[in-house]
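Peer 1: Numbering (the numbering used here), first residue to last: 208 to 444.
Just so you know, even glycine gets a beta-carbon here, dropped at the ideal spot from N, CA and C.
On a predicted model such as this, the values are computed, not experimentally measured, just so you know.
Dropping the structure in here first, questions after.
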């Protein structure tokens, strides 16, 4: 869907959804903003480039314009020039041509119309709409390329210039072309304990009141302090 910025800007401001670091506006009233019908965006996030908005959690920001079907969790940091690949062409078939699956491209539609033909296909290739899911606390470096239909796990780090073609496990650091796991941020026991805390459900000012520089100390502080989960408003289009 598309709407002029003038139609939605008051709601965006009301829910503290921003488009610059300072909170100043970078759009003209006539600019068209692209989004998926029913998209849910939490307060306190920022779309810093482009005219697409997508599902994004609190305290996350993106310096890259991602597809409107993307889902981003809380506390994510997405750097500049991150790209998402197009759909996979069926290279194992006779032809990789998009004529096998793209029913909407005008060059194919017009040919069939001019020749009074009907497109016929015994079977459509396994083509899925892009569904990029970036879970909580993910850091994606500059100039990263991501395959469509990808899942990036909680706490993962994607090194700059990586080409990511496979799902990324929680807390993995990946890099290269194609991207491979370089290492994990923590051992599996520690990862399991972090996931158990679900710390991203809490106010960052409360979390940072604990010792976040040492995860073992953090676990003790977290258990002792019994923090209250934060309540975040959500704008639904």
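Tell me the DSSP secondary structure of residue 305 in three-state form.
Peer 2: Numbered from its first residue, the chain shown carries residue 305 at position 98. Correct three-state label for residue 305: helix.
Peer 1: Taking residue 377 as the reference, which of 365, 383, 370 and 306 has the closest Cα?
Peer 2: Start at 1 with the first residue of the chain shown, and residue 377 comes out as number 170. When each option's Cα is compared against that of residue 377, the closest is 365.
Peer 1: Determine whether the beta carbon atoms of residue 351 and residue 369 lie at a separation below 8 Å.
Peer 2: Numbered from 1 along the chain shown, position 144 holds the residue referred to as residue 351. Numbered from 1 along the chain shown, position 162 holds the residue referred to as residue 369. Cβ atoms of residue 351 and residue 369: closer than 8 Å.
Peer 1: Taking the runs of the alpha helix (DSSP H) that are 4 residues or longer, which of them lie wholly in the stretch 371–406?
Peer 2: Those alpha helix (DSSP H) runs which fall completely within the stretch 371–406 and span 4+ residues are 395–404.
Peer 1: Among 355, 239 and 277, which one has its Cα closest to the Cα of residue 296?
Peer 2: Within the chain shown, numbered from 1, the residue matching residue 296 stands at position 89. When only C-alpha atoms are compared, the closest one is 355.
Peer 1: For residue 347 and residue 274, I'd like the C-alpha separation in whole angstroms.
Peer 2: As a first step, residue 347 is located in the chain shown; it is residue number 140 there, counting from the start. As a first step, residue 274 is located in the chain shown; it is residue number 67 there, counting from the start. So the alpha carbons of these two residues sit roughly 16 Å apart.
Peer 1: So, at 7 Å on beta carbons, what are the nonlocal neighbours of residue 411 in its own chain, with the 5 sequence-adjacent residues on each side left out?
Peer 2: By 1-based counting over the chain shown, the position of residue 411 is 204. Correct list, in chain order: 266.
Peer 1: Could you tell me the boundaries of the beta strand (DSSP E) in which residue 247 lies?
Peer 2: If you number the chain shown from 1, residue 247 lands on position 40. Start and end: 247–249.
Peer 1: On the three-state DSSP scale, how would you describe residue 235?
Peer 2: Residue 235 sits at position 28 when you count from the first residue of the chain shown. Residue state, collapsed to three classes: coil.
Peer 1: Using the rule of at least 16 other Cβ atoms within 10 Å of the residue's Cβ for burial, across every protein chain shown, is residue 420 buried or exposed?
Peer 2: Your numbering for residue 420 matches position 213 in the chain shown. Burial call: exposed.
Peer 1: Quickly, what does DSSP pair residue 254 with across the bridge? List them, please.
Peer 2: Along the chain shown, read from residue 1 onward, the residue named residue 254 stands at position 47. Paired residues: 269.
Peer 1: In angstroms with no decimal places, state the Cα-to-Cα distance between residue 300 and residue 440.
Peer 2: Here residue 300 corresponds to residue number 93 of the chain shown, with the count starting at 1. Here residue 440 corresponds to residue number 233 of the chain shown, with the count starting at 1. One C-alpha to the other measures close to 48 Å.
Peer 1: Note down, in chain order, each residue of its chain lying with its Cβ closer than 7 Å to the Cβ of residue 233, except the 5 sequence neighbours on either side.
Peer 2: By one-based count along the chain shown, residue 233 stands at place 26. Around residue 233: 226 and 227.
Peer 1: For residue 436, does the three-state DSSP call read helix, strand or coil?
Peer 2: Within the chain shown, residue 436 is the residue found at index 229, counting from 1. Correct three-state label for residue 436: coil.
Peer 1: Does residue 361 pass the burial test, meaning 16 or more other C-beta atoms within 10 Å, or should it be called exposed?
Peer 2: Stepping through the chain shown from its first residue, residue 361 is reached at position 154. Buried, since its Cβ has 16 or more Cβ neighbours within 10 Å.
Peer 1: On the premise that residue 393 lies in contact with residue 401, defined as a C-beta separation below 8 Å, what is that separation, rounded to the nearest angstrom?
Peer 2: Sequence index remark: in the chain shown, residue 401 carries index 194 (1-based). Sequence index remark: in the chain shown, residue 393 carries index 186 (1-based). Yes, residue 401 and residue 393 are in contact; Cβ-Cβ is about 7 Å, under 8 Å.
Peer 1: According to DSSP, is residue 347 part of a helix, a strand, or is it coil?
Peer 2: Sequence index remark: in the chain shown, residue 347 carries index 140 (1-based). Residue 347: strand per DSSP, three-state reduction.
Peer 1: Under three-state DSSP, which class holds residue 316?
Peer 2: On the chain shown, position 109 is the one that residue 316 refers to. Helix at residue 316.
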